[in-house]
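Visitor:
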Amino acid sequence: MAQAQSTMEEDARRLNADSHGQVNPGEIAIGVIIGRTSEFFDFFVYAIASVLVFPKLVFPNHDPLTGTLYSFAIFALAFIARPIGTMIFTEIDRRQGKGAKMTIALFLLGVSTVAIAFLPGYETIGIASAWLLAAARIGQGLSWGGTWDGLASLLALNAPEGRKGWYAMIPQLGAPIGLIVASALFAFFVDTLSAEDFLDWGWRYPFFVAFAINVVALFARLRMVVTPGYTELFESRELEPSSVPETLAQQGRTIVVGAFAPLASFALFHMVTVFPLSWVFLFTRETPGRFLVIECIGAVVGIIAMLFSGYIADKVGRRTLLAGSAIAIAVFSGFAPQMLDGGLAGELAFMILGFILLGLSLGQSSGSVASSFRKRYRYTASALTTDLAWLFGAGFAPLVALVMSSHFGLPSSGIYLLSGAVCTLLAISINRQFASRDAEAVQP
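To convert, note that position 294 of the sequence shown is 602 in this note's numbering; the numbers rise steadily by one, no gaps.
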């Protein structure tokens with residue numbers, strides 16, 4: 309079925325008509341990294357502000373712990389809204405094309421992010437400040453559902469034989485890169501401004517930077533996905549959007565398994581990024597600026613571990629590495645959280661060990677069961693799987709971990725990590741059983 313094309317999309321096609329369908333994995337990788345870095349930078353800017361700013365700006369009439377818990381509750385709204393955004397923007401994609409979908413989605417993301425930069429506090433407009441923050445957060449979640457461009461799936465499908473693990477790792481590099489930029493930016497403002505100036509206007513600048521990065525990402529990704537070469541590649545790989553109800557009806561079982569397969573990685577993701585900052589800020593004398601620098605160091609270690617994950621996965625298999633990482637995360641959950649009470653040495657040990665495991669596991673968590681999707685539904689099914697994985701594995705992680713640790717001590721937060729590791733191992737096992745049954749079913 310022919311799809312209507314927006315004027316912007318048609319212009320981009322004409323401007324890039326000289327590609328003649330020649331697209332290589334290296335070009336796709338660049339687009340994927342740009343897109344993921346933009347998305348994760350937005351993510352971490354909001355997450356850091358949820359700890360350092362919003363409890364005082366939006367919930368000043370509550371104690372710091374309660375204010376942070378309310379802030380984390382609003383933080384989770386984006387993950388709830390994301391699958392809804394996928395449903396809305398999938399229909400836009402089907403009717404108007406990827407160019408229109410991504411333009412609208414990234415415009416909404418930019419507006420929602422900048423709106424937070426202008427957010428008045430409780431002292432100015434009362435409880436309406438919290439409602440405006442929640443609305444902006446929902447806007448971010450809806451837009452993330454529309455920023456799915458399929459480039460990660462395209463990259464995996466076009467990876468050279470024997471390099472599947474390496475190319476599966478590339479999209480995940482956006483997470484530590486986004487964290488490094490966001491943490492460094494906040495650390496600069498926290499350390500150079502007085503507390504009053506930081507809470508008044510300093511914290512707003514990272515949100516303006518996020519908007520600028522979104523604009524760059526829009527044009528970089530739009531230029532790629534609407535060129536003739538990429539359009540031909542999407543169509544030849546049958547990476548076209550299918551309706552969400554039909555996809556759920558036909559691929560629901562695999563989507564659920566795929567959503568739980570990376571749960572250990574996604575639970576660990578927030579346990580070494582958002583949660584430690586909240587614990588250190590609330591319950592220790594550590595300055596937030598110094599801990600943000602520690603997070604930057606951990607993220608660099610995470611990048612190195614991710615690069616190794618691509619090499620290891622190509623030797624032993626992606627699912628084997630995911631299963632091994634889940635077991636290691638389960639062990640880590642039993643002793644590591646209490647390191648956060650061990651001063652600078654303990655914090656460094658927790659972050660470095662955590663990011664090593666995160667790099668190895670998250671590096672291979674993207675689309676770990678995507679090959680099980682039928683081609684007709686792979687594009688939309690992959691988007692839904694990503695949405696649900698982030699919702700189940702990460703959306704409520706900071707809130708749950710902070711509630712448990714503040715009431716029952718730091719070791720209790722490891723239970724959340726342990727549950728994620730168990731879910732990953734079960735999902736991988738179930739997917740193998742399904743794959744074996746399907747293979748037997750098609751044999752003559």
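Here a beta-carbon is modelled for each residue, glycine too, at the ideal position from N, C-alpha and C.
(1) Measure the alpha-carbon distance for A569 versus P479 and round it to whole angstroms.
(2) Do three or more CB pairs link the segment 384-401 to the segment 490-510 at distances below 8 Å?
(3) Would you call the segment 688-700 in contact with the segment 525-535, where contact means no fewer than 3 C-beta pairs closer than 8 Å?
(4) Alpha carbon to alpha carbon, how far is E347 from L441?
(5) Got a sec? Which residues, its chain only, sit under 6 Å from T424 by beta carbon, not counting five neighbours each side?
(6) With C-beta atoms as the reference, is A729 less than 8 Å away from A567?
(7) What are the start and end residues of the alpha helix (DSSP H) that includes S721?
(8) Using DSSP with H/G/I as helix, E/B as strand and the rest coil, what is P428?
(9) Return yes when the C-beta of V533 is under 7 Å from any heavy atom of the ligand PLP, and no when it is not.
(10) Nearest to F663 by CA position, among G610, M477 and D401, is which residue?
(11) Let me know if W439 comes out buried or exposed under the rule of 16 or more other beta-carbons within 10 Å of its beta-carbon.
(12) What's the call for A436, buried or exposed, on a 16-neighbour Cβ count within 10 Å?
(13) In the DSSP assignment, find the unbroken alpha helix (DSSP H) run with L696 in it and report its ends.
(14) Identify, in the order they occur along the chain, each residue of the same chain with its Cβ nearer than 8 Å to the Cβ of F497, setting aside the five sequence neighbours on each side.
(15) With a threshold of 7 Å on Cβ separation, who are the neighbours of E548 within its own chain once the five nearest residues in sequence on each side are excluded?
(16) Alpha carbon to alpha carbon, how far is Y685 from F367?
(17) Looking at T581 and A355, is the spacing between their C-beta atoms short of 8 Å?
(18) Apply the 10 Å Cβ neighbour rule to K406 and answer buried if 16 or more other Cβ atoms are within range, or exposed otherwise.
(19) Could you give the first and the last residue of the continuous alpha helix (DSSP H) run that contains A389?
(20) May I have a chain-ordered list of the beta strand (DSSP E) segments no shorter than 3 residues that lie completely inside the segment 595-667?
(21) Using 8 Å as the Cβ pair cut-off and three pairs as the minimum, do the segment 644-656 and the segment 592-606 touch?
(22) Among A657, V359, A689 and A575, which residue has its Cα nearest to the Cα of A638?
(23) Would you mind sorting S737 into buried or exposed? The rule is 16 or more other CB atoms within 10 Å of its CB.
(24) Please work out which residues of its chain come closer than 6 Å, Cβ to Cβ, to T345, disregarding the five sequence neighbours upstream and downstream, and give them in chain order.
(25) Compare the beta carbon distance of A607 and I521 with 8 Å and say whether it is the shorter of the two.
(26) Whole angstroms are fine: how far does the CA of G473 sit from the CA of F527?
(27) Cα-Cα, which of L377, L718, G449 and R471 is closest to G334?
(28) Would you please state the rounded distance, in angstroms, between the beta carbons of L629 and L668? I believe it to be under 8 Å.
(29) Considering only the alpha carbon of each residue, which of A653, A644, T455 and F383 lies closest to F397?
(30) Once the 5 residues before and after R402 are set aside, which same chain residues still bring their CB inside 6 Å of it?
(31) Pick helix, strand or coil for G329, following the three-state DSSP scheme.
(32) Once the 5 residues before and after K409 are set aside, which same chain residues still bring their CB inside 7 Å of it?
(33) Just the C-alpha distance for G597 and F494, rounded to the nearest angstrom, thanks.
(34) Below 8 Å on the Cβ atoms is my contact criterion, and I expect L377 with L710 to pass it. Report the Cβ-Cβ distance as a whole number of Å.
(35) Where does G672 sit, in a helix, a strand or coil, going by DSSP?
Guide: Taking the definition as stated:
(1) Cα to Cα, A569 sits roughly 17 Å from P479.
(2) Output reads no: the segment 490-510 does not touch the segment 384-401.
(3) No contact exists between the segment 688-700 and the segment 525-535.
(4) So the alpha carbons of these two residues sit roughly 18 Å apart.
(5) According to the sequence displayed, residue 424 carries Ile and not Thr. Excluding residues up to 5 positions away in sequence, A444 and F515 lie with their Cβ nearer than 6 Å to the Cβ of I424 in the same chain.
(6) A567 sits away from A729, with the two beta carbons spaced by 8 Å or more.
(7) For S721, no alpha helix (DSSP H) run applies, since DSSP gives it neither H nor E.
(8) Three-state DSSP puts P428 in coil, outside helix and strand.
(9) In terms of ligand content, the structure shown is empty, and the ligand PLP therefore cannot be addressed.
(10) Considering only alpha carbons, the answer is G610.
(11) Label assigned to W439: exposed.
(12) Residue environment analysis places A436 among the exposed positions, since fewer than 16 neighbouring C-beta atoms fall within 10 angstroms of its C-beta.
(13) Here the alpha helix (DSSP H) through L696 covers R686 to W698.
(14) Same-chain partners within the cutoff: F506, G510, W511, Y513 and P514.
(15) Answer for E548: F542 and Y687, listed in chain order.
(16) Using only the alpha carbons, I get a separation of about 44 Å.
(17) For A355 and T581, yes; Cβs fall inside 8 Å.
(18) So K406 counts as buried.
(19) For A389, the uninterrupted alpha helix (DSSP H) segment begins and ends at P372 to Q404.
(20) As far as the segment 595-667 is concerned, it has no whole beta strand (DSSP E) run of at least 3 residues.
(21) Counting Cβ pairs under 8 Å, three or more are found: they touch.
(22) Of the candidates A657, V359, A689 and A575, the residue whose Cα lies closest to the Cα of A638 is A575.
(23) Exposed, because fewer than 16 other Cβ atoms sit within 10 Å of the Cβ of S737.
(24) So the qualifying residues of the chain are G482, I485 and G486.
(25) Between A607 and I521, the CB-CB gap reaches or exceeds 8 Å.
(26) F527 and G473 have their C-alpha atoms some 28 Å from each other.
(27) Nearest C-alpha to G334: R471.
(28) About 7 Å; that satisfies the 8 Å criterion.
(29) Checking every option, the nearest Cα to that of F397 belongs to T455.
(30) Counting only Cβ-Cβ distances below 6 Å, and skipping sequence neighbours, we find P549.
(31) Note that G329 scores 46 on pLDDT, short of 50, meaning its location in the model is unreliable; the coordinates nonetheless yield the value given after this. G329 falls in the coil class under three-state DSSP.
(32) Answer for K409: F397, I400, D401 and G454, listed in chain order.
(33) Pairing G597 with F494, the inter-Cα distance amounts to about 7 Å.
(34) Right, the Cβ-Cβ distance comes to about 6 Å (below 8 Å), so this counts as a contact.
(35) The displayed chain sequence assigns Gln, not Gly, to residue 672. Note: Q672 maps to coil in three-state DSSP.
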